[in-house]
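A.B. asks: One structure coming up, written as structure tokens, with questions to follow.
Residue numbers (the UniProt record's numbering), protein chains in the order written: chain A, 1 to 550; chain B, 1 to 568.
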């Protein structure tokens, strides 16, 4: 009787514990958990390593007189050159160059056509991201004496074969000799180590030795799917100057061709405004020797701030804004010149601010005549203004104008203001930058979600993340395959999707219950319930152990 | 060297004919001395621009029109936009009708173009953008305080769209208006606050006033009387009433310097017209103006023929020899009384307790012999549940049946009540509209941070065509040619007026916000006590135990043992 009573008590304690564990704990767990959709974490981790492989198709055409017909038959159809560079830690960039022998060799093109003609031939219509290198004999008169490489407006280059390569050398020797030089051409026309490093500047710490490239990479705007270009005419003195600028026509003539050319890289929208009574942030100093006002290079940094408050942000989109200001100094402070660091006059009378825009000072005291009668009507010479702004726009958009190595001759860009290969170069670095940015965004989002368990992950975020991951994978694959256009397209999609996921407002609705408050709420219920269960379980266990020992 | 530089500059001086600008800017200030001794100043800045924002035209080159607003119009396909920020309540009975009425707080109403497919989403985005432009909490406008009035807000510009699907109206009665709203508003002016009338707009004076209201109205208007071309009109208005005792130190004497602590020295050089009007109708002898002006102008304003002294700032001699204009208005006597406004309205909440209440709206028709219809618009938040069957409209003790009622019931947490009706106001009467409501209990996260302050209900809007005072004036006391005074002129016989009532402040039942935790603790304790005894009953086993002998007994036993006697 006594034993069975004890037994009954033990059984009751055990069954209560069982009910609590089987029903209570899962119920509590289910009712307090937050909704977290599944994320492709393993794929994100794989992407975080960022193994990029860039490959560019280079077509090499041998002109008559460079190789013998027998040799030409033996030139391998494709040849792959790889170059591996680690940029930082786990980031490995493989440059992959494919050499393709042109089978449709028509050397008569070069014999009868004059210099620079390959631009017009059908041969030069190569897809975006690829190059055609025409190898011409040493004695060719196509290029001037001291020029070894000519880079055209399209994706073409002429390469002089070099004096030591007379006919009769073996094919292997020839190819071995050409290879570094083609690489050099590629570095000018497609991508170089420095470009890629600059494009990855978000992820990579710079070594202090290449300060110049840091400055270069900091100047251009970050990659974005669209840009807003705003031209502002600043007229601080509407009482004396009545300014007229034909901005509509100037944009059509000077800016639009460049932007049309750049349309694969980003969308651009242009607007203009006129602002009155806008003052510069610094007072120009009067220079008696020139009887003109001057702005020092050191003080230019302070010029923008008070103006910027008036510029206004773009109300209709969230793309970065490139500001171009045309400042017409007031009659009392005219003429106004910008002075360089070495006290010399800046010929363009303009300066630019990295990742912000450009400012040009336009002096109008030449319009006054002998006896000025205010207000003076002034027509602004848009060709002069747009020349400056166009150059600044190229810089700010990251169209690199690095000086070519010695022996290179670069064709002047035509009416569009941008050669095809320059566009390619920009597209290469933009694709890499986009991929890097999107990867960083997605990785940090995944990390954040991993660290803070209280954030609700809705299905739409999970969907954005997976689409970003898919686009990233596609972009990386396209870069590897050398399809630059697609790579850029996918990388843009990846950036859009990743930003959308990262900045989704639903992530902010995090259910934040600090641990101490949680305990304060749980303790009144959990403590009195769990202590007796635990104690009786302990007692049962110790009794069972004693019984075993007996 | 200077010569060389000058030549270099002169070189590109191509002499082209300067194009005629397609935009035009005008500025204007109207000052009306009020009978109470207060003074009412109303600024209007108008930019007209001959361009076309309609049908997705891309407009991107701005001169006088502000770029930020232009972008908003073209991006969101806005046909008309009216936004106002007001601090203080316009006292119609003391001050008469304002030139531009506005309710306390923020008010926004927008007509979209009929090309907009998803009006609600566009509206949401637009309010967010405007909230950024004007530094105001317009982002709090959502579906719970937006209505689509069917009759009260008709487009003010050209275009005969009357499909109210493209109209959105919202008010935020709680919005506080201050300097941060004035600065972006001033930035929209071409001259900023650097020149012209806008130099007077100093926030430390403007907000030290009884009433302050600033507004932006954008609408398409006709370019000429034939209406062959349309242009866009941006009207920025600012109305302010300075208090006699607060700003005027009790003296019936006002000057520009006293009002704004600035004087005027020039017109905005971009303005084609820049004028100051002083309303001297009520009694030209009652106050004196200095400097005096010979320019007078008459205009029909709010159904009344008013006379104004005009100062043209584009004329250099307006500023006199001191090159600065400081208008002085001095009362000579305080006699004469104001013409009572013909239409006037009040509103209040009646009832006691926190369960039900009653909204009373009183509309006064002060016209001695004419009745006129008014449109009443009421937008009540969902947490006041209107009992629409209790709606009564009475005037002069008799039931007054509205000829048109448009009622849209609310949906909890989705949309507010909308009540619009057309009521005929009998002459010289008070019409009372009452409706009962029940106060809803909110979820504890829906309460504002200070729920005991109460919840605001936006002003009712009363729009009406009011018979003109001129037409009322049959026994003409004013000097008018006899031939003009026999038949009342039809055009002037009525004028449009919009009157806003006071916003309401309603208390809702508010819980004790620490209650959830108290409840959790109490229930847990009760559960724990019950569970503890049950657990004990179930797991413990009970048995009878021999009580151990007491201490006295044990001592007795020890003694008995020593003595050899058997224990107890």
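In this text, a Cβ means the ideal position worked out from N, Cα and C, and glycines have one as well. Predicted, not measured: the structure shown is a model, and the values here were computed from it.
Only counting runs of 3 or more residues, tell me where the beta strand (DSSP E) segments fall wholly within the stretch 300-361 of chain B, in order along the chain.
C.D. replies: Counting only runs of 3 or more, we get 304-312, 328-331 and 343-350.
A.B. asks: What's the C-alpha gap between residue 340 of chain A and residue 296 of chain A?
C.D. replies: Translated into the one-based positions of the first chain, residue 340 of chain A becomes position 340. Translated into the one-based positions of the first chain, residue 296 of chain A becomes position 296. Between residue 340 of chain A and residue 296 of chain A, the C-alpha separation is close to 7 Å.
A.B. asks: Checking 8 Å against the spacing of the C-beta atoms, do residue 375 of chain B and residue 420 of chain B come in under that value?
C.D. replies: Position 375 of the second chain, counted from the first residue, corresponds to residue 375 of chain B. Position 420 of the second chain, counted from the first residue, corresponds to residue 420 of chain B. Yes, these two residues count as a Cβ contact at 8 Å.
A.B. asks: So residue 41 of chain B and residue 259 of chain B are supposed to be a Cβ contact under 8 Å. How far apart are they, rounded?
C.D. replies: Your numbering for residue 41 of chain B matches position 41 in the second chain. Your numbering for residue 259 of chain B matches position 259 in the second chain. That belief holds up - the Cβ atoms of residue 41 of chain B and residue 259 of chain B are roughly 6 Å apart, short of 8 Å.
A.B. asks: Give the straight-line distance between the Cα atoms of residue 470 of chain A and residue 218 of chain A, rounded to the nearest whole angstrom.
C.D. replies: Stepping through the first chain from its first residue, residue 470 of chain A is reached at position 470. Stepping through the first chain from its first residue, residue 218 of chain A is reached at position 218. One C-alpha to the other measures close to 30 Å.
A.B. asks: Name the chain B residues that come within less than 8 Å of residue 386 of chain A, Cβ to Cβ?
C.D. replies: Taking the first chain and counting its residues from 1, one reaches residue 386 of chain A at position 386. Within chain B, no residue comes near residue 386 of chain A; the closest Cβ sits about 12 Å away, beyond 8 Å.
A.B. asks: Considering only residues of the stretch 160-219 of chain B, which uninterrupted beta strand (DSSP E) runs meet the minimum length of 3 residues and lie entirely inside it, listed in chain order?
C.D. replies: Here the runs fully enclosed are 167-172.
A.B. asks: With a threshold of 8 Å between beta-carbons, can residue 305 of chain A be considered close to chain B, or not?
C.D. replies: For the purposes of this step, residue 305 of chain A is taken as residue 305 along the first chain, with counting starting at 1. Taking Cβ atoms only, chain B never reaches closer than 8 Å to residue 305 of chain A, which makes this a no.
A.B. asks: Under the assumption that residue 464 of chain B contacts residue 372 of chain B (Cβ atoms under 8 Å), give the Cβ distance between them as a whole number of angstroms.
C.D. replies: Position 464 of the second chain, counted from the first residue, corresponds to residue 464 of chain B. Position 372 of the second chain, counted from the first residue, corresponds to residue 372 of chain B. The pair is a contact, with the Cβ atoms about 6 Å apart (cut-off 8 Å).
A.B. asks: Output, in sequence order along the chain, the residues in the stretch 362-394 of chain B whose CB is closer than 7 Å to any CB in chain A.
C.D. replies: Listed in sequence order: no entries.
A.B. asks: Of all the options B/33, B/136 and B/72, which has the alpha carbon lying nearest to the alpha carbon of residue 98 of chain B?
C.D. replies: Numbered from 1 along the second chain, position 98 holds the residue referred to as residue 98 of chain B. Ranking B/33, B/136 and B/72 by Cα distance to residue 98 of chain B puts B/33 first.
A.B. asks: Out of curiosity, what's the CA-to-CA distance linking residue 208 of chain B and residue 202 of chain B?
C.D. replies: Numbered from its first residue, the second chain carries residue 208 of chain B at position 208. Numbered from its first residue, the second chain carries residue 202 of chain B at position 202. C-alpha separation (whole angstroms): 10 Å.
A.B. asks: Could you name the residues of the same chain whose beta carbon sits closer than 6 Å to that of residue 83 of chain B, not counting the 5 residues immediately before and after it, in chain order?
C.D. replies: The residue you call residue 83 of chain B lines up with position 83 of the second chain. Counting only Cβ-Cβ distances below 6 Å, and skipping sequence neighbours, we find 108 and 216.
A.B. asks: Using a cut-off of 9 Å between C-beta atoms, extract the partners of residue 525 of chain B located in chain A.
C.D. replies: Reading the second chain from its first residue, position 525 is the one you call residue 525 of chain B. Chain A residues near residue 525 of chain B: 524, 525 and 528.
A.B. asks: Looking at C-alpha atoms only, which residue of B/76, B/365 and B/111 is the closest neighbour of residue 129 of chain B?
C.D. replies: As a first step, residue 129 of chain B is located in the second chain; it is residue number 129 there, counting from the start. Per the Cα distances, B/76.
A.B. asks: Is it the case that the Cβ atoms of residue 326 of chain A and residue 277 of chain A are separated by a distance below 8 Å?
C.D. replies: Position 326 of the first chain, counted from the first residue, corresponds to residue 326 of chain A. Position 277 of the first chain, counted from the first residue, corresponds to residue 277 of chain A. No, Cβ-Cβ distance for residue 326 of chain A and residue 277 of chain A is not below 8 Å.
A.B. asks: At a CB distance below 8 Å, what residues from the stretch 415-442 of chain B approach chain A? Give them in sequence order.
C.D. replies: Within the stretch 415-442 of chain B, no residue qualifies.
A.B. asks: When the Cβ atoms of the stretch 263-271 of chain A are set against those of the stretch 58-69 of chain B, are three or more pairs found closer than 8 Å?
C.D. replies: Touching, yes.
A.B. asks: With 8 Å as the threshold, decide whether the Cβ of residue 505 of chain A is near any Cβ in chain B.
C.D. replies: For this step, residue 505 of chain A is matched to residue 505 along the first chain. So no, residue 505 of chain A is outside the interface.
A.B. asks: What does DSSP give as the partner residue(s) for residue 123 of chain B in the beta ladder?
C.D. replies: Sequence index remark: in the second chain, residue 123 of chain B carries index 123 (1-based). Paired residue(s): none; residue 123 of chain B is not in a bridge.
A.B. asks: Does the CB of residue 511 of chain B have a neighbour CB from chain A at under 8 Å?
C.D. replies: Within the second chain, the letter at position 511 stands for residue 511 of chain B. By this cut-off, residue 511 of chain B is not an interface position.
A.B. asks: Confirm, please, whether the CB-CB distance from residue 31 of chain B to residue 87 of chain B is below 8 Å.
C.D. replies: By 1-based counting over the second chain, the position of residue 87 of chain B is 87. By 1-based counting over the second chain, the position of residue 31 of chain B is 31. No, the Cβ-Cβ distance between residue 87 of chain B and residue 31 of chain B is not below 8 Å.
A.B. asks: Indicate whether at least one CB of chain B lies closer than 8 Å to the CB of residue 500 of chain A.
C.D. replies: Taking the first chain and counting its residues from 1, one reaches residue 500 of chain A at position 500. So no, residue 500 of chain A is outside the interface.
A.B. asks: Which residues of the stretch 312-331 of chain A have a Cβ closer than 9 Å to any Cβ of chain B? Give them in chain order.
C.D. replies: Within the stretch 312-331 of chain A, the qualifying residues are 312, 313, 314, 315, 316 and 317.
A.B. asks: At least one CB of chain B closer than 8 Å to the CB of residue 44 of chain A: is that the case?
C.D. replies: As a working note, residue 44 of chain A is residue 44 in the first chain. Closer than 8 Å: no.
A.B. asks: Taking the alpha carbon of residue 423 of chain B as the reference point, which residue from B/429, B/438, B/437 and B/404 has its own alpha carbon closest?
C.D. replies: Taking the second chain and counting its residues from 1, the one referred to as residue 423 of chain B is at position 423. The shortest Cα separation from residue 423 of chain B among B/429, B/438, B/437 and B/404 belongs to B/404.
A.B. asks: Just curious, the alpha helix (DSSP H) that residue 330 of chain A is in, first and last residue?
C.D. replies: Locating residue 330 of chain A in the first chain gives position 330, counting from the first residue. First-last for residue 330 of chain A: undefined, no H or E at that position.
A.B. asks: At what residues does the alpha helix (DSSP H) containing residue 554 of chain B begin and finish?
C.D. replies: The count along the second chain starts at 1 and reaches residue 554 of chain B at position 554. From DSSP, the alpha helix (DSSP H) with residue 554 of chain B extends over 551-563.
A.B. asks: Cutting at 6 Å between CB atoms, please list the residues of its own chain near residue 567 of chain B, excluding the five before and the five after it.
C.D. replies: What you label residue 567 of chain B is simply residue 567 of the second chain in a count that begins at 1. Excluding residues within five positions, the ones whose Cβ falls inside 6 Å are 557 and 560.
A.B. asks: I'd like to confirm something about residue 80 of chain B: is its beta-carbon nearer than 7 Å to some heavy atom of the ligand ZN, or not?
C.D. replies: This structure simply doesn't include the ligand ZN, nor any ligand for that matter.
A.B. asks: Counting only Cβ-Cβ distances shorter than 8 Å, please list the residues of the stretch 268-284 of chain A near chain B, keeping chain order.
C.D. replies: Listed by position along the chain: 269, 270, 271, 272, 273, 274, 276 and 277.
A.B. asks: Within 10 angstroms of the Cβ of residue 23 of chain A, are there 16 or more other Cβ atoms? Answer buried if so, exposed if not.
C.D. replies: Residue numbering aside, residue 23 of chain A sits at position 23 when the first chain is read from its first letter. Exposed, since its Cβ has fewer than 16 Cβ neighbours within 10 Å.
A.B. asks: Please report the distance separating the alpha-carbon of residue 103 of chain B from that of residue 502 of chain B.
C.D. replies: Numbered from its first residue, the second chain carries residue 103 of chain B at position 103. Numbered from its first residue, the second chain carries residue 502 of chain B at position 502. Cα to Cα, residue 103 of chain B sits roughly 8 Å from residue 502 of chain B.
A.B. asks: Exposed or buried, which one is residue 288 of chain A when buried takes at least 16 other CB atoms within 10 Å?
C.D. replies: For this step, residue 288 of chain A is matched to residue 288 along the first chain. Under this definition residue 288 of chain A is an exposed residue.
A.B. asks: Which of helix, strand or coil does DSSP assign to residue 340 of chain A?
C.D. replies: Here the question's residue 340 of chain A lines up with position 340 in the first chain. Residue state, collapsed to three classes: coil.
A.B. asks: Check whether the Cβ atoms of residue 47 of chain B and residue 234 of chain B sit closer than 8 Å, and answer yes or no.
C.D. replies: Here residue 47 of chain B refers to the residue found at position 47 of the second chain. Here residue 234 of chain B refers to the residue found at position 234 of the second chain. Taking 8 Å as the Cβ cut-off, residue 47 of chain B and residue 234 of chain B qualify as a contacting pair.
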